[in-house]
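This report concerns only the one structure given below.
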Amino acid sequence: MPELPDLLSITQHLQRRILNRRIVSATIHQPVAIRNLLGEPPEDALRDLFFTRIDFHGPFLRLTLSSTVEIVVHLMLAGRIQHQVKGDHPLGFKIIALKLDDGTWLNICDEQKMAKIYILHPGDYTPIPGFNEQGIDIRSPGFTEDVLRQLAKQHSRKQVRVFINDHTILSSIGNAYADEILFAAKIHPKTIVASLSPAELQGLYRAIGEVIEDGIRHVAGAGQPIHLKVRDHMKVRNRQGLACPVCGTKIRREGVRGYDVFFCPACQPVRRKVFIDWSKPPGGENSAGA
Ligand SMILES: [Zn+2]
Numbered sequence: 056m057p058e059l060p061d062l063l064s065i066t067q068h069l070q071r072r073i074l075n076r077r078i079v080s081a082t083i084h085q086p087v088a089i090r091n092l093l094g095e096p097p098e099d100a101l102r103d104l105f106f107t108r109i110d111f112h113g114p115f116l117r118l119t120l121s122s123t124v125e126i127v128v129h130l131m132l133a134g135r136i137q138h139q140v141k142g143d144h145p146l147g148f149k150i151i152a153l154k155l156d157d158g159t160w161l162n163i164c165d166e167q168k169m170a171k172i173y174i175l176h177p178g179d180y181t182p183i184p185g186f187n188e189q190g191i192d193i194r195s196p197g198f199t200e201d202v203l204r205q206l207a208k209q210h211s212r213k214q215v216r217v218f219i220n221d222h223t224i225l226s227s228i229g230n231a232y233a234d235e236i237l238f239a240a241k242i243h244p245k246t247i248v249a250s251l252s253p254a255e256l257q258g259l260y261r262a263i264g265e266v267i268e269d270g271i272r273h274v275a276g277a278g279q280p281i282h283l284k285v286r287d288h289m290k291v292r293n294r295q296g297l298a299c300p301v302c303g304t305k306i307r308r309e310g311v312r313g314y315d316v317f318f319c320p321a322c323q324p325v326r327r328k329v330f331i332d333w334s335k336p337p338g339g340e341n342s343a344g345a
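Numbering (this note's numbering), first residue to last: 56 to 345.
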C-alpha cells in the first residue's frame, strides 16, 4: 500500500507534470471500482476539465478538476498510479485511463481489484469510508509530543502497533512504516500503550518524525516512477529471517490483529509477561516478575 512518503512523492510528481493539463478523454475499464456521485457518466463529466489542485488526505490521493469535480483515489493494498509518457508501456489492470492534452496518460490500475475511485463534487466526502474520520496529520505543526501523550492516554489499552497504525488516531502510518517506527523506537509491537514510560513515548514521538522524514528523503532520492514502491531502505519490514541491521538477530514476523508485523526480538524485547506461563516450573526464568 502506498504510505505517506509514497503519496507525497506521487503528489509532488503529479503537481510538476499534470497540474493545469486538460483531460481530453476518460476511459473507464473497471466500472465496479468507481463510485461516481456526479449524476452524469464520468466519460462526459471529466472531458475538458483541468487539473487545478493535487494533494492527499491520509491514504487518499485527491485530484481536483477545474474546481468543480474531485477524483479521490484510495489505492488500497496493490493499486498503482502511472503517469504514462511517450515510450512507456501502460500498466495492466487499468481501472480508469485519462488522456491529457500533452499526449500523456494518467492510468489508475489494480490487479487485486481492491482500489476505489470516487468521482464527486468538491467537499462531498461522506460516501468515502474513512475520509472524514482521519486523525491528526502527523506532519502538521499541531502534532506535538504533548498531543501524542494525550492520544496515548485516550487509547491506553491498545497495543502500540495498533495504536500508531489507526488512521482515526494518527493520519497516517501504514503497515510498513509502523514496523520501522517501532524498530527505531526499540518498542515491541505488542506492548500495551499504558505500559510505555514517558521516555518511551518521547522516543516513539521522535521515531515517528524521523522515520517518516527519512522515508520521504529516500523515496524522493530513489527517483523511481511513481507506480513503483520504494522499500529497499526498510530495516525490518518484509525481512523475516534476515539479520537485524543493528544486532544481527533474525527478524521475526508475527500477527497483530490479523496484520503481519516485523520486528527484531532482541532490539524490541517483550517488556513484561502479560500472562503467567503455568507450564514452566517455579523458579524458572519465565516465572520471575510474571
Ligand atoms: Zn536487533
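Don't be surprised by glycine CBs; every beta carbon is placed ideally from N, CA and C.
Simplified DSSP state of residue i, which is helix, strand or coil
| i | result |
| --- | --- |
| Asp99 | helix |
| Lys154 | strand |
| Phe218 | helix |
| Asn341 | The pLDDT assigned to Asn341 is 43, lower than 50, so where the model puts this residue is not dependable; a value taken from the coordinates is nonetheless given after this. Three-state DSSP puts Asn341 in coil, outside helix and strand. |
| Ile163 | strand |
| Asn187 | helix |
| Arg312 | coil |
| Ile331 | Residue placement at Ile331 is flagged as unreliable, the pLDDT there being 49, under the threshold of 50; a coordinate-derived value is accordingly withheld. |
| Thr172 | The amino acid occupying residue 172 in the given sequence is Ile; Thr does not appear at that position. Ile172 falls in the strand class under three-state DSSP. |
| Gly65 | In the sequence as displayed, the identity of residue 65 is Ile instead of Gly. Three-state DSSP puts Ile65 in a helix. |
| Ile271 | helix |
| Arg76 | coil |
| Ile263 | helix |
| Leu59 | helix |
| Leu225 | strand |
| Gly197 | coil |
Strand pairing of residue i, partner residues [DSSP]
| i | result |
| --- | --- |
| Asp234 | Partner(s): none; Asp234 has no beta bridge. |
| Lys305 | Ala298 |
| Ala81 | Leu153 |
| Thr107 | BP columns for Thr107 are empty, so no partner. |
| Asp192 | Ser226 |
| Ile247 | Gln214 |
Residue environment, residue i, which counts as buried when at least 16 other CB atoms sit within 10 Å
| i | result |
| --- | --- |
| His243 | buried |
| Asp179 | exposed |
| Asp156 | exposed |
| Lys208 | exposed |
| Ser122 | exposed |
| Asp61 | buried |
| Ala262 | buried |
| Ser226 | buried |
| Arg292 | buried |
| Ser64 | buried |
| Val325 | exposed |
| Gly344 | A caution first: Gly344 carries a pLDDT of 36, below 50, which makes its placement in the model too unreliable to give a value. |
| Lys245 | buried |
| Pro57 | buried |
| Leu297 | exposed |
| Gly339 | Residue placement at Gly339 cannot be trusted, given a pLDDT of 43 that sits under 50; the coordinates are not used to answer. |
| Arg135 | buried |
| Gln383 | Given a span of 56 to 345 for the chain in the structure shown, any question on residue 383 remains unanswerable. |
| Ala235 | First, the residue type needs correcting, since residue 235 is Glu and not Ala in the sequence shown. So Glu235 counts as buried. |
| Arg294 | buried |
| Pro97 | buried |
| Val87 | exposed |
N- and C-terminal bounds of the beta strand (DSSP E) containing residue i
| i | result |
| --- | --- |
| Gln137 | 135-139 |
| His129 | 124-129 |
| Leu118 | 115-120 |
| Arg90 | 89-91 |
Span of the alpha helix (DSSP H), counted from its first residue to its last, around residue i
| i | result |
| --- | --- |
| Val325 | Counting along the chain, Val325 falls outside any alpha helix (DSSP H), and DSSP gives it neither H nor E. |
| Val202 | 200-209 |
Review point. Can at least three beta-carbon pairs, one atom from the segment 211-228 and one from the segment 242-259, be found at a separation below 8 Å?
Key: Yes, since at least three Cβ pairs between the segment 211-228 and the segment 242-259 fall closer than 8 Å, the two stretches touch.
Would you call the segment 134-142 and the segment 182-198 touching, i.e. three or more CB-CB distances under 8 Å? With contact defined as three or more Cβ pairs closer than 8 Å, the segment 134-142 and the segment 182-198 are not in contact.
Is the segment 214-230 touching the segment 297-308, taking contact as three or more C-beta pairs under 8 Å?
With the cut-off at 8 Å, the segment 214-230 and the segment 297-308 do not touch.
Touching or not, the segment 104-116 and the segment 62-74, by the rule of three or more beta carbon pairs under 8 Å? A contact exists between the segment 104-116 and the segment 62-74.
| Okay, do the segment 157-175 and the segment 124-135 touch, 3+ Cβ pairs below 8 Å being the bar? | Yes: at least three Cβ pairs fall under 8 Å.
Item to complete: Considering only heavy atoms of ligand 2, list every residue whose Cβ is less than 5 Å from one of them, following chain order.
Response: The model depicted lacks ligand 2 and carries ligand 1 instead.
Check whether the segment 228-242 touches the segment 257-276, counting contact only when three or more Cβ pairs, one atom from each stretch, lie closer than 8 Å. Yes, since at least three Cβ pairs between the segment 228-242 and the segment 257-276 fall closer than 8 Å, the two stretches touch.
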